[in-house]
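Residue numbers (my numbering), protein chains in the order written: chain V, 6 to 360; chain B, 14 to 401; chain Y, 354 to 672. Even for Gly, the Cβ is constructed at its ideal location relative to N, Cα and C. Every value quoted in this text rests on a predicted model; they were computed, and no experiment measured them. In what follows, a single structure is set out as structure tokens and then discussed.
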Amino acid sequence: MREVAIVAFGQSDHRRDTAEISEVEMLMPVLHQVLDAVGLRAGEIDFTCSGSCDYLAGRAFSFTMTLDGVGAWPPISESHVEMDGAWALYEAWTRLLTGEAETALVYSYGKSSPGDLREVLTRQLDPYYVAPLWPDSVSLAALQAQALLDAEDTGADERALAGVAARSRTAAEGNPHAQLTGSPPPEALLEDPYVVRPLRRHDCPPVGDGAAAVVLAAGDTARRLCRRPAWIRGIDHRTEAHSLGVRDLTRSPSTRLAAERAGAFEAPVDLAELHAPFTSQELILRRELRLGEGVRVNPSGGALAANPLMAAGLIRLGEAAAAIHRGAADRALAHATSGPCLQQNLVAVLEGDDT
Amino acid sequence: MTKEPVAVVGIGQTKHTAARRDVSIAGLVREAAVRALDDAQLGWADIDAVVIGKAPDFFEGVMMPELYLADALGAVGKPMLRVHTAGSVGGSTALVASGLIAARVHRTVLTLAFEKQSESNAMWGLSLPIPFQQPLLAGAGGFFAPHVRAYMRRTGAPSGIGALVAYKDRRNALRNPYAHLHEHDLTLERVRSSPMLWDPIRYSETCPSSDGACAMVLTDRAGADRAPYPPAWMHGGAMRSEPTLFAGKDFVSPRAGRDCAADVYRQAGITDPRREIDAVEMYVPFSWYEPMWLENLGFADEGAGWKLTESGVTEIDGELPVNPSGGVLSTNPIGASGMLRFAEAALQVRGRAGEHQVDGARKALGHAYGGGSQFFSMWVVADTPPES
Amino acid sequence: MTPAPSPEALQAPLVVEFPFTRSLGPVQSAFLTGLRERTVLGVRTTDGRVLMPPVEYDPVTADELSDLVEVAPIGTVTTWAWNPSPRRGQPLPTPFAWVLVRLDGADTALLHALDAPGPDAVRTGMRVRIRWAGERVGAITDIACFEPYDGAGGGRAVPHTGEFTDPVDGIVAPARLDYTYAPGRAQSRYLKALAGRTTYGERCPSCRKVYVPPRGACPTCGVATDEQVEVGPRGTVTTFCIVNIKARNLDIEVPYVYAHIALDGADLALHARIGDIPYDEVRMGLRVEPVWSEDGRYPDHYRPTGEPDADYDTYKELL
Chain V
6 MREVAIVAFG
16 QSDHRRDTAE
26 ISEVEMLMPV
36 LHQVLDAVGL
46 RAGEIDFTCS
56 GSCDYLAGRA
66 FSFTMTLDGV
76 GAWPPISESH
86 VEMDGAWALY
96 EAWTRLLTGE
106 AETALVYSYG
116 KSSPGDLREV
126 LTRQLDPYYV
136 APLWPDSVSL
146 AALQAQALLD
156 AEDTGADERA
166 LAGVAARSRT
176 AAEGNPHAQL
186 TGSPPPEALL
196 EDPYVVRPLR
206 RHDCPPVGDG
216 AAAVVLAAGD
226 TARRLCRRPA
236 WIRGIDHRTE
246 AHSLGVRDLT
256 RSPSTRLAAE
266 RAGAFEAPVD
276 LAELHAPFTS
286 QELILRRELR
296 LGEGVRVNPS
306 GGALAANPLM
316 AAGLIRLGEA
326 AAAIHRGAAD
336 RALAHATSGP
346 CLQQNLVAVL
356 EGDDT
Chain B
14 MTKEPVAVVG
24 IGQTKHTAAR
34 RDVSIAGLVR
44 EAAVRALDDA
54 QLGWADIDAV
64 VIGKAPDFFE
74 GVMMPELYLA
84 DALGAVGKPM
94 LRVHTAGSVG
104 GSTALVASGL
114 IAARVHRTVL
124 TLAFEKQSES
134 NAMWGLSLPI
144 PFQQPLLAGA
154 GGFFAPHVRA
164 YMRRTGAPSG
174 IGALVAYKDR
184 RNALRNPYAH
194 LHEHDLTLER
204 VRSSPMLWDP
214 IRYSETCPSS
224 DGACAMVLTD
234 RAGADRAPYP
244 PAWMHGGAMR
254 SEPTLFAGKD
264 FVSPRAGRDC
274 AADVYRQAGI
284 TDPRREIDAV
294 EMYVPFSWYE
304 PMWLENLGFA
314 DEGAGWKLTE
324 SGVTEIDGEL
334 PVNPSGGVLS
344 TNPIGASGML
354 RFAEAALQVR
364 GRAGEHQVDG
374 ARKALGHAYG
384 GGSQFFSMWV
394 VADTPPES
Chain Y
354 MTPAPSPEAL
364 QAPLVVEFPF
374 TRSLGPVQSA
384 FLTGLRERTV
394 LGVRTTDGRV
404 LMPPVEYDPV
414 TADELSDLVE
424 VAPIGTVTTW
434 AWNPSPRRGQ
444 PLPTPFAWVL
454 VRLDGADTAL
464 LHALDAPGPD
474 AVRTGMRVRI
484 RWAGERVGAI
494 TDIACFEPYD
504 GAGGGRAVPH
514 TGEFTDPVDG
524 IVAPARLDYT
534 YAPGRAQSRY
544 LKALAGRTTY
554 GERCPSCRKV
564 YVPPRGACPT
574 CGVATDEQVE
584 VGPRGTVTTF
594 CIVNIKARNL
604 DIEVPYVYAH
614 IALDGADLAL
624 HARIGDIPYD
634 EVRMGLRVEP
644 VWSEDGRYPD
654 HYRPTGEPDA
664 DYDTYKELL
């Protein structure tokens, strides 16, 4: 299989509200950042793929306007997924594997600020039996968290959830792009009221706006563009049934399967960037991914520090790659999720060459 | 490095109609998927991944509906991708699916596109009341009609050409049992005297609004060897995009379309498309887009596309049959329309197009476009594998 | 050169609302009709599990399902979440628990609300029963909610034909989402100037083309436009169509002319209506100027200036 690597990563500062700029005004500096990093112009990129969602913006075909930021002239080979950018990266990766492209630009963005995100996400649910009840995204995550707390085989308690929150947001103090940084100790967090029991405010991701981009390159092109490319050793994604009532919410078989297919269990990883918007979901993912105590999980702060929808998954891949670029990791796992309560999951394994 | 050849071994579509009130959204997509699997004589367990496409989610009011559709499409435990590239999405979706096989990531992939427009109203979905913007002054046809006028001015085409296209496509649709419009009593005179909606576009020269789905099973060389019916082989596939609106944009013949066509012809080794391609399924939502695309796709010199239409070259028994299925003018489930073009091209080279089969079709072009004439996707399929 | 100012960004409400009409298919039709009749249906899979609510396709095998069974309106909470502040559209107006409930006779769980006095009254494993809505129409909301129940169990699932008189075959699902739309820097600049009846384009620093309206980026160069250029007010009709059907929510008498107009100094045509001239006298190349209404943000329409028509060669690149 052809060698493909992430050779550049960039992201915006993630903020609660970016009403003063349009989507393209938010995205464009990030595109410039990654293209400058590899010294390429958009026209020199062989394939471009993006991810975004009309329902966040409240406008149909919203992605057509952000294409303005790319400078698609002369015309470019380009595609778009109505998914998190992690899946746009997957599509671009397959394009590089075929040999049709040497380089690819992948970007995604999401502005949650225009709408009421908890309400908007209800439109993602079964339109006949569930969406008419308007169950919001935090409530669904709370159902999953309670199932985890009830399960005898997890040992999870509310203190453990608070521990995830405190660790993530403390780590985010080193991330200049994070929306939410710093945390009281877990015991203090437990004194806060519930948002939707058993989830407190610290268990939930911040709602905000942001954009991210990466550049992919194959083989020697990657070596030329990047001092230490983050090679994609494996990448796979899997889906679960939609309805919460038919799933075991304490498990994520799709994550396990994607990780197996991506080769995650063939050797230990030293870093993992998990797309776990809710604290309880990190515990579920850790178990499925068999991450031991020695693995650094979400040194960026993860989705608990910044969760720009449609970009947050791509950011996990970008953060893991950036750690390899700067020599802070040698073999990293990156994970992205989509859909209610971890319905769809993607796992990638990235490696740097020996230095 | 060589790509794995990609074969189309299963094709299915729904009977397209204004409103499929007997099925859910899942039931609609399922119908097309099951027909594609049956055509390939495969079961759900034989499918490695699902790639689904549709136009804006607001049309059905379900955000990322593939999540809800995962169960109906047998995608549980499998990879599932959702593509959205505006009107070209059906074609782009098929190309994303083909890439999974060409890259040898998967061996057999189900790809599917749909729109259930009767759940809402397409004009509502397309004209949400965005603040500060002028309301859409002219409806869907009003966006396209000025470009048609520009084409007529540029080429000197006589005003009756559009009616010829509409009459041809609607007659072709009578041979296609899945087509939405079956206008048995239509005459050329009736097309010519139908109400002028967006002058120069008449009512009979516009596409309908349909509920429908289209599915294909794509597979590798080994999968094609096991297929019960002759496969269609992919000889080239390409996507091109250009910005929505920009200084110097040619709405009549967008460069992205020309470049995309040039790319698929290069991949397929085609130097004279007019002579080498036996059938074309192109995305013609308004009649005049046939002569416009004939030029854009290199079948006619600039300014001469209308002459092919006028002389009958694009009739089903002409030298270059265009839209033997009846095309978008007869069937338009928006998100699926592009995949229908790709699938109908494949049906032709498989010799399985039934009543609307073009005699001896061995190489065919499927074409889709969308947005402000800015997103293009195309493939060339043939009855024999590509030379590697 | 006039550097573009950074005004306060505009914002305005955007309501996205539609009553979606959803056809159901046979399984969902039977289930929702059953709810109207206070009958709770599940569906049996080929390997004998009972899925409730009944789905059309087996999430495990992808089989099409149609073997309907009746289950009890009584069941067990499998997980729950206390919702202290109910939101628009949710089943109960007062604090309630979201619950997944496995009804007796079923193997899977239904998502709905549980009416309980407080979180301390809710636990996983508690027994609950359906509280029916007073007025039932064949929708998931025919179940008003669940309520605590300490009576006898409901027993096993029993076969059901799924047939009812006057079945519902569709639902209307109204959906309203409220957004705050913000067009961003470049468009805010443009709109503010337009309020003073001045049209500003923005010039690309790279290709020097002037964009009207500006959208924040030069779409061919992918860089920010940052230099304001006053364009118009006069312009040339590059192409047009005559609209003969009334557009929704538009109070304009047909026929009228919808035209692409290249304002003098702009490198891109904008779209507007042409008035003050018979519709069949509008032509490509016609010179026009804006006519403002009292309160409009945009020109109401454009009218002929009386100048000679522009030569085709002067605007053909703008077509």
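In the displayed model, W78/V falls within coil according to three-state DSSP, outside both helix and strand.
Ranked by Cα distance from E400/B, the first of W246/B, Y216/B, G112/B, S207/B is W246/B. In terms of beta-carbon proximity, Y278/B stays away from the interface with chain V, with every pair separated by 8 Å or more. Contact between the stretch 386-395 of chain Y and the stretch 490-497 of chain Y is present: three or more C-beta pairs spanning the two stretches fall below 8 Å. Within the DSSP secondary-structure output, M209/B pairs in a beta bridge with R215/B. The straight-line gap separating the alpha-carbon atoms of H97/B and G66/B is approximately 6 Å.
At a cut-off of 8 Å between beta-carbon atoms, V352/V makes no contact with chain B.
A32/B and K129/B have their C-alpha atoms spaced approximately 8 Å apart.
Across the structure, E324/V and G115/V are spaced so that their CA atoms are roughly 18 Å apart. A469/Y and A450/Y have their alpha carbons spaced roughly 7 Å apart. Put simply, the backbone Cα of E298/V is about 12 Å away from that of P273/V. Of all C-beta pairs linking the stretch 456-466 of chain Y to the stretch 96-105 of chain V, fewer than three are shorter than 8 Å, placing the two stretches out of contact. The straight-line gap separating the alpha-carbon atoms of H465/Y and C498/Y is approximately 6 Å. When only Cα atoms are considered, V393/B and V408/Y end up about 39 Å apart.
For E271/V, no beta strand (DSSP E) run applies, since DSSP gives it neither H nor E.
Counting the other Cβ atoms within 10 Å of the Cβ of H29/B gives 16 or more, which makes it buried. In the same chain as R291/V, and ignoring 5 residues on each side of it, no C-beta atom comes closer than 6 Å to its own.
In this structure, DSSP gives Y502/Y a state outside helix and strand, which the three-state scheme calls coil.
Taking the Cβ atoms as the reference, L319/V lies roughly 3 Å from G90/V, within the contact range of under 8 Å. DSSP, read as helix, strand or coil, puts D358/V in coil.
At the C-beta level, R162/B and P213/B come within 8 Å of one another.
Judged by DSSP in its simplified three-state form, M31/V adopts helix. Annotation for R268/B: no residue places its beta carbon closer than 6 Å to its own, counting only its chain and skipping 5 residues before and after. By a beta-carbon distance limit of 8 Å, A539/Y contacts T578/Y. Their separation comes to about 6 Å. In the three-state scheme derived from DSSP, where H, G and I count as helix and E and B as strand, H242/V is classed as strand. Contact check for G306/V against R206/V fails: the beta carbons are separated by 8 Å or more. Taking 9 Å as the Cβ-Cβ cut-off, the stretch 533-552 of chain Y approaches chain V at T533, Y534, A535, P536, G537, R538, A539, Q540, S541, given in chain order.
With a threshold of 8 Å between beta carbons, Y81/B makes contact with chain V. Neighbours of T98/B in chain V, taken as residues at a C-beta separation under 7 Å, are given in chain order as S84, H85. T106/B is the residue among T106/B, Q370/B, G367/B, Q361/B whose C-alpha sits nearest the C-alpha of A228/B.
For S343/B, same chain residues with a beta-carbon under 7 Å away, outside a window of 5 residues either side, are D182, R183, A186, A192, H193, L194 in chain order. Assignment of R162/B by DSSP, reduced to helix, strand and coil, places it in the helix class. Short of 6 Å from the beta carbon of G339/B, and not among the five residues preceding or following it, lie these beta carbons of its own chain, in chain order: D182, N185, A186, N189, A192. In this structure, the straight-line span from the alpha carbon of V326/B to that of A359/B is close to 21 Å.
Taking the beta carbon of L367/Y as reference, the chain B residues within 9 Å of it are L141, P142, I143, P144, listed in sequence order. E245/V reaches chain B at A83, V89, G90, counting residues in chain order whose Cβ is nearer than 8 Å.
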